[in-house]
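Participant: Dumping the structure here so I can ask a few things about it.
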Amino acid sequence: AARDDSPVLAALLTANAIGAAHETGLTRPGDGDRLAAAAAVLTDTDLTTPLAQIHLLLGQLAHEHAAATGQPLRAAMHHYYSALQLVTEASEPLVWARAQVALATAQLATPMSSAGDQLRFGIATQALRAALRVLTLQDHPHQWAGATLNLANALIYAPSLHQGDNLVEAVELYDQVLAQRPVGSDPLARARVLANQGNALAHLGIFDHARANLVEARYLFESAGEGASAAAVRGLLDEIVRAQSAAKGTDPIADAAQQQRRERQMDRMPVTPGPMTSGMGVTMGADVPPRPKVVVVPASSRPTSASSTSASSTSSPSTSSPPSASNGAQPPQGET
C-alpha cells in the first residue's frame, strides 16, 4: 500500500529493510537494484540525509562485490563521493565521517598501477584525519579504532618527503589502538597490529623493539593457524637480521641462527594478562601488509630524540572490506 500511496515512503522503507538485513549479514540478490531504485526516487527530494545513507550502503555493496570478484572499486568510490556531496561535517557528522572512512578504505584497497596512483594515499590520509574529528575514542571507540588503524597503515606506505615523521606517527597511532584492546581479547587483531607496528619500527631502524613486536605477532599467527601471515612476519624478521648483519659486518647466517634460538626461547615465555606493550607498543589491522624490504631511514631524516621519546611514552591495535554504512566504520577485515 505504501508503494502505491507514496513512492518516497516506499523507497525509505525499502532502504531501511535492506540496511537492517545487511547489518546482520543478510545480503539478498537484487538488493543493489532495489537500493538504486530507491535512490532514484529520493534524488529530486530534500531528503538528502536518507539519500546519502543509501549511497553509502550502495557503496558498501559494490565494495563487497568488487572484493569478492577482484573487480575495480570505482563504483563503490562513486557512491561514497555521492554521499559526501549530500552531507557535510556540520549537517550530518556521523554519516559524513562514515563516508570519509569508506572512501579512504576503498582508496587504500585499490592496487597502485602508476605513479599517479600514489595520490590516493594522500586522499585516504586526509579523509581519515577528517573522520577522526567526529569519530572520537570517547564517543565512538569501535569506529575510532578502525579509522586510526587505517590511518597508521596509510602513513607507513604513503610516499612522503617526511617519511621518518610519518613512521613515528604511525607507531604512536598503533600504540593508542593497542592501549584500548585488552591482551587476549582478539589475538589475531593484536597480531596484525603488532606486525604493522614492527614493520614501521624496522623502517625507523629501531630493530630491537621491532623484533619484539614481530616475534609476538608470529607466535600469535602460528597459534591461530595463520601460516601465511606467520611466514610473512618471519620474512620481515629475516630482513631485519640481514640489515643488522650488513651494518655490523657480521655473518647473516650465524646471526639468523642466533636470532632463531632467541625466538624459540621467547615462544616458551607465558603471555602476561592485562595491558602491556612490546617496546614502543604493539598490534595490527586485518591483513599483514605487503611484505616490505627493511629500508632504514637515513640518519638525517630520522626524528629527533624528542620525537622518539614521545613515541615510546604512549601505549597502544583492510582494507578489503568496506566499513558498515549503518553501524559506522568497522576495522577493515582484510583489519581496517
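As numbered in UniProt numbering, residues 1 to 336 make up the sequence shown, in order. Cβ atoms here follow ideal geometry from the backbone N, Cα and C, with glycine treated the same way. Remember, predicted model here, so these are calculated numbers, not experimental data.
#1: Nearest to L201 by alpha carbon, out of V177, I240, G184 and A130?
#2: Do you know offhand how far R98's Cα is from V215's?
#3: Taking the alpha carbon of A11 as the point to measure from, which residue in L161, P50, H162 and D139 has its own alpha carbon closest?
#4: Are Q244 and F207 closer than 8 Å when you measure CB to CB?
#5: Using 8 Å as the threshold, is the C-beta distance between A179 and V233 below it?
#6: Report the CB separation of L56 from A106 in whole angstroms; it is logged as a contact under 8 Å.
#7: Please state whether DSSP places G25 in a helix, a strand or coil.
#8: Please list the terminal residues of the continuous alpha helix (DSSP H) segment that includes V168.
#9: Do three or more CB pairs link the stretch 115-132 to the stretch 154-171 at distances below 8 Å?
#10: For A170, which residues from the same chain have a beta carbon less than 7 Å from its beta carbon, with the 5 sequence-adjacent residues on both sides left out?
#11: Please state the DSSP three-state secondary structure of P159.
#12: Which runs of the alpha helix (DSSP H) spanning at least 4 residues fall entirely within the stretch 43-104, listed in chain order?
#13: Beta-carbon within less than 7 Å of A230's beta-carbon, same chain only, minus the 5 sequence neighbours each way: which residues are those?
#14: DSSP on E226, reduced to helix/strand/coil?
#15: Starting from Q138, trace the alpha helix (DSSP H) in both directions and tell me its first and last residue.
#16: In whole angstroms, what is the alpha-carbon distance linking S113 and V168?
#17: What are the boundary residues of the alpha helix (DSSP H) that includes R133?
#18: DSSP state of I123, grouped into three classes?
#19: G32 and L61 - do their beta-carbons sit closer together than 8 Å?
#20: Looking only at its chain, what residues have a beta carbon closer than 6 Å to the beta carbon of L137, apart from the 5 residues adjacent to it on each side?
#21: State the Cα-Cα distance for the pair V95 and V134, rounded to the nearest angstrom.
#22: Could you check whether N166 and A104 sit closer than 8 Å to each other, using their CB atoms as the reference points?
#23: Count the other CB atoms within 10 Å of the CB of S185; is the residue buried (16 or more) or exposed (fewer)?
#24: Measure the beta-carbon distance from V87 to T48 and round it to whole angstroms, keeping in mind my assumption that it falls under 8 Å.
#25: Does the Cβ-Cβ distance between A224 and P187 come in under 8 Å?
#26: Do V41 and P93 have their CB atoms nearer than 8 Å?
#27: Measuring straight from C-alpha to C-alpha, what distance separates Q71 and L119?
#28: Please work out which residues of its chain come closer than 7 Å, Cβ to Cβ, to A38, disregarding the five sequence neighbours upstream and downstream, and give them in chain order.
#29: Tell me whether H22 is buried or exposed, calling it buried when 16 or more other Cβ atoms sit within 10 Å of its Cβ.
#30: Is it buried or exposed for G198, if we count other Cβ within 10 angstroms and need 16 for buried?
#31: Taking the alpha carbon of T27 as the reference point, which residue from L9, G227 and H65 has its own alpha carbon closest?
#32: Is G235 near L204, with beta carbons less than 8 Å apart?
Facilitator: Considering the structure as presented:
#1: I240
#2: 34 Å
#3: Closest by C-alpha distance to A11, out of L161, P50, H162 and D139, is P50.
#4: yes
#5: No, the Cβ-Cβ distance between A179 and V233 is not below 8 Å.
#6: Between A106 and L56 the Cβ distance is about 12 Å, and since that is not below 8 Å, they are no contact.
#7: coil
#8: Q163 to A179
#9: yes
#10: A152, L155, I156 and A200
#11: coil
#12: 48-69 and 74-86
#13: R218, F221 and E222
#14: coil
#15: From DSSP, Q138 is part of no alpha helix (DSSP H); its letter is neither H nor E.
#16: 27 Å
#17: Neither: R133 is in no alpha helix (DSSP H) and is coded neither H nor E.
#18: helix
#19: yes
#20: W144
#21: 10 Å
#22: Cβ distance not < 8 Å, so A104 and N166 don't count as in contact.
#23: exposed
#24: 6 Å
#25: yes
#26: no
#27: Spanning the two alpha carbons is a distance of roughly 21 Å.
#28: The answer, listed in chain order, is A11, T14, A15 and I54.
#29: buried
#30: buried
#31: H65
#32: no
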